[in-house]
Amino acid sequence: MKTIIFATGNPGKVREVKEILTGFHVITMMEAGLSPEIIEDGASFEENAVIKARAVYDAIKAREAAGDPAFDFAYCMADDSGLEIDYFDKKPGIYSSRWLGEDTSYDIKNGIVLSEMEDVPDEKRTARYVCSIAALDAEGTSTVVTEACEGIIGHEPKGEGGFGYDPIFYIPGLGTFAEISSAAKHEVSHRGKALRAILPLLKEI
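Its first residue numbered 1, the sequence shown is counted upward by one per residue in my numbering.
Here it is in structure tokens:
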């Protein structure tokens, strides 16, 4: 089974990636004993995904150069994703995890979004989750895919599942990402779409 080292420390992302990439052995960079400094200074989801995947790849190669070829991996992968709210001119976008401060809880972030959109009608509450997935093979050749999931910002948090902005991201006819099952979320979500889109490309790169 091919091993993927995924550049994330987000437990929600780790869970979803492992649930979707069932044909691969997925471990996180921490599980691989890697802790590279990652500076997400790209101007797009695509650029940041590549930055993260490349940082893990470089960390592996540095360890190998030091005489510790500890990894027999097929791909280094990374996800960069976020929420674009049209009413906020597509913010927070690539700054979704850092918006209002990295240590600010999503309960607070979601509360602020809902407060500022309290009187905004449904037709102006459009939003989308965007996800870029970057994959580097053992030779460092990369590919990137980007997918999105359209929805609206709800009027109140709903659901106990998911993570991040999921309790306020509503898919008409389904519910919020925090209400629906993991399987249902994977079918329509930005991350589910991106991971499925990159699967055929993994063999090519």
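Beta carbons: idealized from backbone N, C-alpha and C, even for Gly.
Model, not experiment: these values are computed from the prediction.
Item, Value
"Taking all protein chains shown into account, do 16 or more other C-beta atoms lie within 10 angstroms of the C-beta of R191, making it buried, or fewer, making it exposed?", "buried"
"Which residue wins for smallest C-alpha separation from G154, given the options N110, A62, D41?", "N110"
"Distance, Cα to Cα, L136 vs P121?", "43 Å"
"Report the three-state DSSP secondary structure of G175 (helix, strand or coil).", "strand"
"Measure the beta-carbon distance from A138 to F73 and round it to whole angstroms, keeping in mind my assumption that it falls under 8 Å.", "7 Å"
"Rounded to the nearest angstrom, how far is the Cβ of V130 from that of G82, given a contact under 8 Å?", "6 Å"
"Less than 8 Å between the beta carbons of I152 and A184, yes or no?", "no"
"How many Å lie between N48 and D41 at the Cα?", "7 Å"
"Can you grab the Cα-Cα spacing for the pair I38 / D80, in whole Å?", "12 Å"
"Please name the residue, chosen from G175, V145, S189, that lies closest to L199 on a Cα-to-Cα basis.", "V145"
"Roughly how many angstroms lie between the CA atoms of D166 and E116, to the nearest whole one?", "17 Å"
"Kindly indicate which residue of K61, I133, I94 has the alpha-carbon position closest to the one of L34.", "K61"
"If I measure Cβ to Cβ from F177 and keep anything under 6 Å in the same chain, skipping five residues before and after, which residues do I get?", "G162, D166, F169, K185"
"Which value, in whole angstroms, describes the spacing of the CA atoms of M30 and R54?", "15 Å"
"What are the complete beta strand (DSSP E) segments, minimum 3 residues, inside the segment 79–139?", "126–137"
"For K193, which residues of its own chain have a beta-carbon under 6 Å away from its beta-carbon, when the five flanking residues on both sides are left out?", "E147"
"State yes or no: is the C-beta of Y75 within less than 8 Å of the C-beta of I4?", "yes"
"Could you check the C-alpha separation between P36 and E123 for me, to the nearest Å?", "43 Å"
"So what's G164 in DSSP terms, helix, strand or just coil?", "coil"
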